Amino acid sequence: KIDEKDIITDVKFLTFGCGSAIASSSMATELIKGKSVDEAVALTNKAVVEALGGLPKAKVHCSVLAEQAVKSALYDYSQKTGKQIKGIENYKPEDPHEH
34 KIDEKDIITD
44 VKFLTFGCGS
54 AIASSSMATE
64 LIKGKSVDEA
74 VALTNKAVVE
84 ALGGLPKAKV
94 HCSVLAEQAV
104 KSALYDYSQK
114 TGKQIKGIEN
124 YKPEDPHEH
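Residue numbering for the sequence shown follows this note's numbering, starting at 34 and increasing by one per position.
Structure below.
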């Protein structure tokens, strides 16, 4: 949920996967809640890993998925509202049918 000042006031996620995927998604929501959309678009998977206190190398991809999910949600928001978000202009969400 994004308020009239473009502040993220509520965030939800639905993740099917291992504990690292769920933890990464949860942490990403915590890291962007209360931030502006411009601040949220700057979220990196490294920030998610650091906030979690680390992830095993084999699970770092879970933090990448969390970062991509945030960027996809912000891209969707910008497309639906017509609002420009600095840093999302060149973002191209993945086609879920490509995998």
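Even for Gly, the Cβ is constructed at its ideal location relative to N, Cα and C. No experiment lies behind these values; they were computed from the predicted model shown.
Could you pull out every residue in the same chain whose Cβ sits closer than 8 Å to the Cβ of Glu-100, ignoring the five residues on either side in sequence? Ala-61, Leu-76, Thr-77, Asn-78 and Val-81
Paired residues, beta bridge with Ser-69 - DSSP: Ile-40
Got a sec, what are the start and stop residues for the alpha helix (DSSP H) Glu-83 sits in? 78-85
On a Cα-Cα basis, can you pick out the residue from Cys-51, Lys-45, Gly-87 and Gly-50 that is closest to Glu-63? With distances taken between Cα atoms, Glu-63 lies closest to Lys-45.
Pair every Cβ in the segment 82-93 with every Cβ in the segment 50-57, then say whether three or more of these pairs are closer than 8 Å. yes
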